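Residues 1 to 930 (full-length UniProt numbering) make up the sequence shown, in order. For reference, the structure is listed below as structure tokens.
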Amino acid sequence: SLPASALPGDGGRTWCVPPPWGESSGGGQEPPVSCAEAGQLVARGDGPDASSSAPCRFQKHVHTYRILPDDEDFLAVQTSQGVQVRRFKTLGELIALYLQPNQGLVCTLLFAVEREKEKESAEDRDYSGTASPCLSPHPHGVTVPIPTPPRASPTNGLTSISHEYLKGSYTLDLEAVRAGASSLPHLNKTLVTSCKRLHSEVDKVLAGLEILSKVFDQQSSPMVSKILQQVPTVPTALGWQGGALKALQEMSSATPAPPAQPLSRKAKSIPVQTFEVKLDVTLGDLTKIGKSQKYTLSVDVEGGKLVVLKKQKDSQEDWNTFTHDKIRQLIKSQRVQNKLGIVFEKEKDKTQRKDFVFVSARKREAFCQLLQLMKNKHSHQDEPDMISIFIGTWNMGSVPPPKSITSWFTSKGLGKTLDEVTVSIPHDIYVFGTQENSTGDKEWVDFLRAVLKDFTEIEYRPVAMQSLWNIKVVVLVKPEHENRISHVSTSSVKTGIANTLGNKGAVGVSFMFNGTSFGFVNCHLTSGNEKTARRNQNYLDILRLLSLGDKQLSSFDISLRFTHLFWFGDLNYRLDMDIQEILNYISRKEFEPLLKVDQLNLEKEKHKVFLRFAEEEITFPPTYRYERGSRDTYVWHKQKPTGVRTNVPSWCDRILWKSYPETHVNCNAYGCTDDIMTSDHSPVFGSFEVGVTSQFVSKKGLSKSSEQAYIEFESIEAIVKTASRTKFFIEFYSTCLEEFKKSFENDSQSSDNINFLKVQWSSRQLPTLKPILSEIEYLQDQHLLLTVKSLDGYESYGECVIALKSMIGSTAQQFLTYLAHRGEETGNIRGSMKVRVPAERMGTRERLYGELGGGVWGGFWGWGGGGGGRAPGGEWLRAMGLERYEQGLLHNGWDDLEFLSDITEEDLEEAGVLDPGHKRVLLESLQLRK
Numbered sequence: 001s002l003p004a005s006a007l008p009g010d011g012g013r014t015w016c017v018p019p020p021w022g023e024s025s026g027g028g029q030e031p032p033v034s035c036a037e038a039g040q041l042v043a044r045g046d047g048p049d050a051s052s053s054a055p056c057r058f059q060k061h062v063h064t065y066r067i068l069p070d071d072e073d074f075l076a077v078q079t080s081q082g083v084q085v086r087r088f089k090t091l092g093e094l095i096a097l098y099l100q101p102n103q104g105l106v107c108t109l110l111f112a113v114e115r116e117k118e119k120e121s122a123e124d125r126d127y128s129g130t131a132s133p134c135l136s137p138h139p140h141g142v143t144v145p146i147p148t149p150p151r152a153s154p155t156n157g158l159t160s161i162s163h164e165y166l167k168g169s170y171t172l173d174l175e176a177v178r179a180g181a182s183s184l185p186h187l188n189k190t191l192v193t194s195c196k197r198l199h200s201e202v203d204k205v206l207a208g209l210e211i212l213s214k215v216f217d218q219q220s221s222p223m224v225s226k227i228l229q230q231v232p233t234v235p236t237a238l239g240w241q242g243g244a245l246k247a248l249q250e251m252s253s254a255t256p257a258p259p260a261q262p263l264s265r266k267a268k269s270i271p272v273q274t275f276e277v278k279l280d281v282t283l284g285d286l287t288k289i290g291k292s293q294k295y296t297l298s299v300d301v302e303g304g305k306l307v308v309l310k311k312q313k314d315s316q317e318d319w320n321t322f323t324h325d326k327i328r329q330l331i332k333s334q335r336v337q338n339k340l341g342i343v344f345e346k347e348k349d350k351t352q353r354k355d356f357v358f359v360s361a362r363k364r365e366a367f368c369q370l371l372q373l374m375k376n377k378h379s380h381q382d383e384p385d386m387i388s389i390f391i392g393t394w395n396m397g398s399v400p401p402p403k404s405i406t407s408w409f410t411s412k413g414l415g416k417t418l419d420e421v422t423v424s425i426p427h428d429i430y431v432f433g434t435q436e437n438s439t440g441d442k443e444w445v446d447f448l449r450a451v452l453k454d455f456t457e458i459e460y461r462p463v464a465m466q467s468l469w470n471i472k473v474v475v476l477v478k479p480e481h482e483n484r485i486s487h488v489s490t491s492s493v494k495t496g497i498a499n500t501l502g503n504k505g506a507v508g509v510s511f512m513f514n515g516t517s518f519g520f521v522n523c524h525l526t527s528g529n530e531k532t533a534r535r536n537q538n539y540l541d542i543l544r545l546l547s548l549g550d551k552q553l554s555s556f557d558i559s560l561r562f563t564h565l566f567w568f569g570d571l572n573y574r575l576d577m578d579i580q581e582i583l584n585y586i587s588r589k590e591f592e593p594l595l596k597v598d599q600l601n602l603e604k605e606k607h608k609v610f611l612r613f614a615e616e617e618i619t620f621p622p623t624y625r626y627e628r629g630s631r632d633t634y635v636w637h638k639q640k641p642t643g644v645r646t647n648v649p650s651w652c653d654r655i656l657w658k659s660y661p662e663t664h665v666n667c668n669a670y671g672c673t674d675d676i677m678t679s680d681h682s683p684v685f686g687s688f689e690v691g692v693t694s695q696f697v698s699k700k701g702l703s704k705s706s707e708q709a710y711i712e713f714e715s716i717e718a719i720v721k722t723a724s725r726t727k728f729f730i731e732f733y734s735t736c737l738e739e740f741k742k743s744f745e746n747d748s749q750s751s752d753n754i755n756f757l758k759v760q761w762s763s764r765q766l767p768t769l770k771p772i773l774s775e776i777e778y779l780q781d782q783h784l785l786l787t788v789k790s791l792d793g794y795e796s797y798g799e800c801v802i803a804l805k806s807m808i809g810s811t812a813q814q815f816l817t818y819l820a821h822r823g824e825e826t827g828n829i830r831g832s833m834k835v836r837v838p839a840e841r842m843g844t845r846e847r848l849y850g851e852l853g854g855g856v857w858g859g860f861w862g863w864g865g866g867g868g869g870r871a872p873g874g875e876w877l878r879a880m881g882l883e884r885y886e887q888g889l890l891h892n893g894w895d896d897l898e899f900l901s902d903i904t905e906e907d908l909e910e911a912g913v914l915d916p917g918h919k920r921v922l923l924e925s926l927q928l929r930k
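This is the structure in structure tokens:
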């Protein structure tokens, strides 16, 4: 019983519903909250004063205890004179004490229930004693609501043990039952461990047992009462496993219910988004219907459907609803940036394509992102096919960041920015590169994570942090992807004075995301308008010396070691133009003339740096050198010990990337902020959607000899840059091979130019390669790395990469690509090969993305020209390092490889291809495709 002096009120009367609720007497009044079971507690603090009240139901009566703060803001249950007051810093600590027996309440508290009238935010809710969250969603959609275990005191072992079981092992037992198990080993272990502490913690054990019993039997009051009347032994506790087993078996066979979101994190739902579009029709169709038809496309990400609504004259509406699995492919037009083809599945094996024109290219990208998110959310695949990556680079100017840098993280500002529809969708991976960052490493990582949590409500996990003096790179990932990342590697290279001073240089991080390799390089290169050659050398030193990725690929520089390599930072390349002309162009927002004199663009065109790297079009003003505190004024005079230096406004801060052929990468945003002004540089952001592959597991097991796939070469011819006349051989590397393979020496060679040598291998000189797995689904994601080496010194004269995807088939396919060594173009290589896959291993699954290979549509994502063919800006030009001619070809109407095969030398010249060597290579490549 409760001492009268411990109760609010007078004379030892127990108020059932006292103030602040207004009812001050009564045998069985219910408070305005639900207290369904004996010992349930509700704490509230919304009375007329600073006090709280804790109603507790016992024997059909509600006993309410008043909790008051004292002068020092400590909490205590109100008592009469002469009764010792126990003080607590927090309500949770107070509740924890009264969970113990004989503390003055009418009964021992068992657990807390949530008040119905007050909806707390997920972040502020205290699960230790005021709420009852649910378990994580059941694998089959069955969610079991359970009370949260009370906050454990230091000696209360069972509550923590039951916590661990309900958070982790519970799902393992459930999976075991689904698989046909007749016992619950994890529950058994939990009970045995708990009961070993029985002698000293009987009351605490009872509390924990009730928690577990309520998981498996929602009507367990009689059973619990029985347990409360006796001291359970190990056999007693283990005896009700049968009931738990039965409950789990019923759950595993129950009809799946929609999975409930865990209360521990309030999930952000994405509202239905609507896009106004026009149906793109041919001239003939336009004549028939009179004018272009207007449609509305509504994307329901949460519901997994797309509604296509056709607007009619008579106000009636005609619509079709397509579920996520009926949307087969998106085809982005390269020539018309706001045009998108959607392939729908109408009936079995029958599809229909409709082309829509959006208000802008930005709206098209937003629509595609939402559709991709919908496909990922509702896909039956366990692993993602596509992830989003944010990359930011910022020279911080050796001052701390401002409190708010959210615009950087959300790609808001100038240039190509994200649509407001998609700006709030968190990325899977965030990569931050900074230069002149004086903040401590740990402090910087904590700051970035806090900013991310503030606007995404997600605790991003650090993958890696690498620093070199004040050059830093940080990689953060969503918690759900943490176990998909492996083989993390970091490295740094100094390029300062005598390559020993770390004020200039690079830091890098690499890792595997399931079956896809990633590399990230953040650099700070030599400054000064006239130091272009020095910057070029900095780049080559980093390319050669940065130690990242698979060590078995030491023959290849880092530009060929990764499926996707992102290179960013303060590259310090400047504009070769008079300062006043630059300012005039900037004031008129005319960037094209400036980009033509951009040193980085000029050096790339000469193949001096960043060979075959891509960069999104720049549509934002130069990011350096601003007056601090302003984004309206450029300051181009800088006082140095050696005198006054002129620093013209320039795009010093850049993001570039290089990916293997026939992989998917798309830049959705590239720009700079306009509201972060602490540095003389503006932060630059890039947002990318990137295709990834899973760690493939064969469903058919290891290949039998009759089911083995083979990679076979008919011939290879290489032109290498050398005056030597030695013999050469080829080494073949791939993750699909157990070990690298070598060819024999070339069986013929010739030279038409003293500086070049043509070397050839016939089929008998080339090895037949056996992949470790033979499934086509696996092989179409693989790539082959080749290096051409001399016999006399085993030195590499050129390396390249070939995608197996386009080589799969019963007939040999042609390939042609460039050779490069240490960042320099050294020749080209061509040949004939095939990847032979047995019929038993030909099964594939639907892909959420896919590049076009050889003019054939592939996967969910496609790239098309105006007529639906593949644009020349795709893999064809990129593989040869001639992507600079894409705009010229598109401008002259060459947007389809089918028609490109008829192009002439004169046509190429009109499109801007004036270099004789480049014309020859393009024409030969098209002839091979014929």
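From the three backbone atoms N, C-alpha and C, an ideal C-beta is built for every residue, glycine too. Because the structure is a prediction, the values reported are computed rather than measured.
Residue 786: member of the beta strand (DSSP E) spanning 783-790, first to last residue.
Under the DSSP definition of a beta bridge, residue 393 partners with 433, 684. Per DSSP, the beta bridge partners of residue 568 are 522, 655. By the neighbour-count criterion, in which a residue is buried when 16 or more other Cβ atoms sit within 10 angstroms of its Cβ, residue 319 is exposed.
In the three-state DSSP reduction, residue 748 falls in the strand class (E or B). Residue 300: member of the beta strand (DSSP E) spanning 294-300, first to last residue. Contact between the region 718-735 and the region 791-810 is present: three or more C-beta pairs spanning the two stretches fall below 8 Å. Cβ contact annotation for residue 338 (same chain, cutoff 8 Å, sequence separation greater than five): 357, 358, 359, 360, 361, 363, 364, in chain order. Taking 7 Å as the cut-off, the Cβ atoms of residue 662 and residue 805 count as close. Residue 826 places its beta carbon less than 7 Å from that of residue 721. For residue 532, same chain residues with a beta-carbon under 6 Å away, outside a window of 5 residues either side, are 599 in chain order.
Secondary structure note for residue 826: its beta strand (DSSP E) is the uninterrupted segment 824-836. Distance between residue 603 and residue 615, taken at the CA atoms: about 14 Å.
Contact between the region 406-416 and the region 667-682 is established, with three or more Cβ pairs separated by less than 8 Å. A straight-line Cα-Cα distance of about 32 Å links residue 524 and residue 420.
Residue environment for residue 71: exposed (fewer than 16 other C-beta atoms within 10 angstroms of its C-beta).
Only residues of its own chain outside the window of five on either side were considered, and among them 595 have a CB closer than 7 Å to the CB of residue 601, listed in chain order. According to DSSP, residue 309 shares a beta bridge with 296, 319. Rounded to whole angstroms, the separation of the alpha carbons of residue 492 and residue 507 is 4 Å.
The criterion of a C-beta distance shorter than 7 Å is satisfied by residue 802 and residue 784.
With contacts defined as CB atoms closer than 7 Å, residue 535 and residue 503 fail to qualify as a contacting pair.
The DSSP-derived three-state label of residue 624 is strand. For residue 816, the pairing in a beta bridge is given by DSSP as 830. Judged by their CB atoms, residue 324 and residue 386 are not nearer to each other than the 7 Å cut-off. Listed as beta-bridge partners of residue 513 by DSSP are 485, 516.
Per DSSP, residue 338 lies in no beta strand (DSSP E) and is assigned neither H nor E.
Residue 462 is bridged by DSSP to 476. The three-state reading of DSSP puts residue 386 in strand, counting E and B together. In the displayed model, residue 723 falls within coil according to three-state DSSP, outside both helix and strand. For residue 408, no beta strand (DSSP E) encloses it; the enclosing alpha helix (DSSP H) starts and ends at 406-409. One thing to note: residue 433 has its Cβ within 7 Å of the Cβ of residue 568.
DSSP places residue 368 within a helical segment (H, G or I) once states are collapsed to three.
Burial is judged here by how many other beta carbons sit within 10 angstroms of a residue's own beta carbon; residue 487 has fewer than 16 and is exposed. With a cut-off of 8 Å on Cβ pairs, the region 749-763 is in contact with the region 704-718, counting three or more such pairs. Rounded to the nearest whole angstrom, the CA to CA distance from residue 183 to residue 171 is 14 Å. In this structure, the straight-line span from the alpha carbon of residue 391 to that of residue 905 is close to 40 Å.
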